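Numbering (my numbering), first residue to last: 8 to 198. Virtual Cβ for every residue (Gly too), placed ideally from N, Cα, C. The structure presented is a predicted model; accordingly, all values stated were derived computationally and were not measured.
Printed below as a string of structure tokens:
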């Protein structure tokens with residue numbers, strides 16, 4: 008029995024669809040590994056933010072002769088927000104690849120002819136995200152936002168820079184609010 012040229016063309020095109028699916032899956036896995044590695048960057052920023060003021064506050068005998076400068080907190084805030092927006096850019100690209108993978112999964116699942124979807128990584132991610140991932144992510148970002156707002160505010164207040172709170176807090180609220188708004192837009196692309 009010989010295969011018709013139409014069957015060979017269909018097998019070839021399904022092979023290409025599968026190759027593209029595997030390629031996009033590898034791109035997404037690489038994104039995940041690099042994004043989870045970004046936590047080291049957030050940890051480094053947190054260490055920079057907290058180390059000096061905490062150490063000096065626990066020096067009970069010493070007076071704070073060189074207090075943390077309010078400008079330093081503003082610069083750290085800007086660096087933190089830049090990293091957060093950079094992460095959003097990567098997440099947006101990831102979601103774009105997921106959308107393309109869903110299209111490829113639909114083609115592969117039609118060709119497989121199974122009862123349920125055989126290929127369902129990208130198609131299953133939105134439901135998994137909303138049910139399991141989003142609550143954990145919301146908790147992380149909530150705590151992170153609070154730390155970025157509260158810790159510098161306490162340090163500024165304790166070091167006698169209470170007037171700078173009228174600069175730091177509105178700037179932080181504006182930047183973090185804009186980040187949250189952009190993050191919600193990116194998340195709605197999952198629908």
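Counting every other CB atom within 10 Å of its CB across the protein chains shown gives residue 129 a total of 16 or more, marking it as buried. At the C-beta level, residue 104 and residue 29 stay beyond 7 angstroms of one another. Around the CB of residue 179, 16 or more other CB atoms lie within 10 Å, so the residue is classed as buried. In the three-state scheme derived from DSSP, where H, G and I count as helix and E and B as strand, residue 126 is classed as coil. In the three-state scheme derived from DSSP, where H, G and I count as helix and E and B as strand, residue 121 is classed as coil. Leaving aside the five residues that flank residue 119 on each side, the residues in its chain whose CB is nearer than 6 angstroms to its CB run, in chain order, 125.
Here residue 159 is buried, its C-beta having at least 16 other C-beta atoms within 10 Å. Judged by their CB atoms, residue 88 and residue 182 are nearer to each other than the 7 angstroms cut-off. Burial check for residue 26: the Cβ neighbour count within 10 Å stays below 16, so the residue is exposed. The C-alpha of residue 186 is placed about 11 angstroms away from the C-alpha of residue 96.
Cα atoms of residue 116 and residue 21: separation of roughly 11 angstroms, rounded to the nearest angstrom.
Note on geometry: alpha-carbon atoms of residue 171 and residue 152 lie some 19 angstroms from one another. About 7 angstroms separates the beta carbon of residue 175 from that of residue 77, a gap short enough to meet the 8 angstroms contact definition.
The three-state secondary structure of residue 168, taken from DSSP, is coil. Distances from the CA of residue 168 to each of 79, 93 and 192 were compared; the closest alpha carbon is that of 79. Going by beta carbons, residue 191 and residue 108 fall outside the 7 angstroms limit.
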